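Below: one structure, written as structure tokens.
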Amino acid sequence: MNLLRIFLLTLCLALLTAPPDVDAARRPYRWPLQPRPQVVTPYDPPAQRWQSGHRGVDLAAAVGSPVLAAGSGTVNFAGDVGGKPVVSIRHADGLLTTYEPVEASVRAGQTVARGEVIGRLAAGHDGCPSACLHWGARRGAGSSAQYVNPLSLVGAVRVRLKPVQPVS
């Protein structure tokens, strides 16, 4: 048991002292804003798919800020949805990322690279006290769509471990 405690303590110390974005350049996805933005509204999926919830995250930024492709892919849509400017990108792994409200500088069918500017943040995202980018991610479409916490794409989801129960 002592050996297990020493191992866990060593592991925790190593994780706590490592730089936060050691492998950011190797990840297929990156933050859609630079510098790394503050999360204003976290991911809060509904218990049932038909219920209301927050199927993405809201990131603080100034109106006019460049919005970057989180990953390489093909622009799936660039236009208005319900009067709001939206850009969506389909990635090779099947993920679809969405960015709103964004005045697009890209067009549907265009190939974009990870980190490429896809547009500028527009004003008017509901639910934020000031300007912010709503960033969403999902796999599949229609009734089979599975929403994903976009923060998991950039390694920003906090992992919580359950306590180890002593073996009797």
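Just so you know, the UniProt record's numbering puts 83 at position 83 of the sequence shown, and the rest follows in order with no gaps. Ideal Cβ positions, reconstructed from N, Cα and C, are used throughout, including at glycine. These numbers were taken from a predicted model, which means no experiment stands behind them.
Rounded to whole angstroms, what is the Cα-Cα separation between residue 75 and residue 110? Going by C-alpha positions, residue 75 is about 5 Å away from residue 110.
Output the distance between the C-alpha atoms of residue 113 and residue 95, rounded to the nearest integer angstrom. Those two C-alpha atoms are separated by around 15 Å.
Residues near residue 58 by beta carbon distance below 6 Å, same chain, minus five either side: For residue 58, where only same-chain residues beyond five positions count, the Cβ hits under 6 Å are 40, 41, 128, 132 and 134.
How close, in whole Å, do the beta carbons of residue 67 and residue 43 come, if the pair is a contact with beta carbons under 8 Å? That pair is no contact at about 18 Å.
What would DSSP say about residue 127, mapped onto helix, strand or coil? DSSP places residue 127 in the coil class of the three-state scheme, outside both helix and strand.
Can residue 86 and residue 106 be called in contact, C-beta distance under 9 Å? Not closer than 9 Å, so no.
By Cβ distance, which residues of its chain are closer than 8 Å to residue 77, with the 5 residues on each side in sequence left out? Cβ neighbours of residue 77 beyond the five flanking positions: 86, 87, 88 and 108.
Have a look at 121, 45 and 64 and flag the residue whose alpha-carbon is nearest the alpha-carbon of residue 55. Selected option, being the one with the closest Cα: 45.
Using three-state DSSP, classify residue 148 as helix, strand or coil. Correct three-state label for residue 148: coil.
Could you tell me whether the Cβ atoms of residue 121 and residue 28 are closer together than 9 Å? For residue 121 and residue 28, no; Cβs fall outside 9 Å.
In chain order, what residues of the same chain lie with their CB nearer than 6 Å to the CB of residue 31, ignoring the 5 residues before and after it? Answer for residue 31: 154, listed in chain order.
Contact set for residue 19: own chain, Cβ-Cβ below 6 Å, skip 5 residues either direction: Note on residue 19: pLDDT 48, under 50, position unreliable in the model; the coordinate value appears next. Within its own chain, no residue has a Cβ closer than 6 Å to the Cβ of residue 19 once the five positions on either side in sequence are excluded.
Considering only their Cβ atoms, is the gap separating residue 63 from residue 123 smaller than 9 Å? The answer is yes: Cβ separation under 9 Å.
Is residue 88 helix, strand or coil by DSSP? Residue state, collapsed to three classes: strand.
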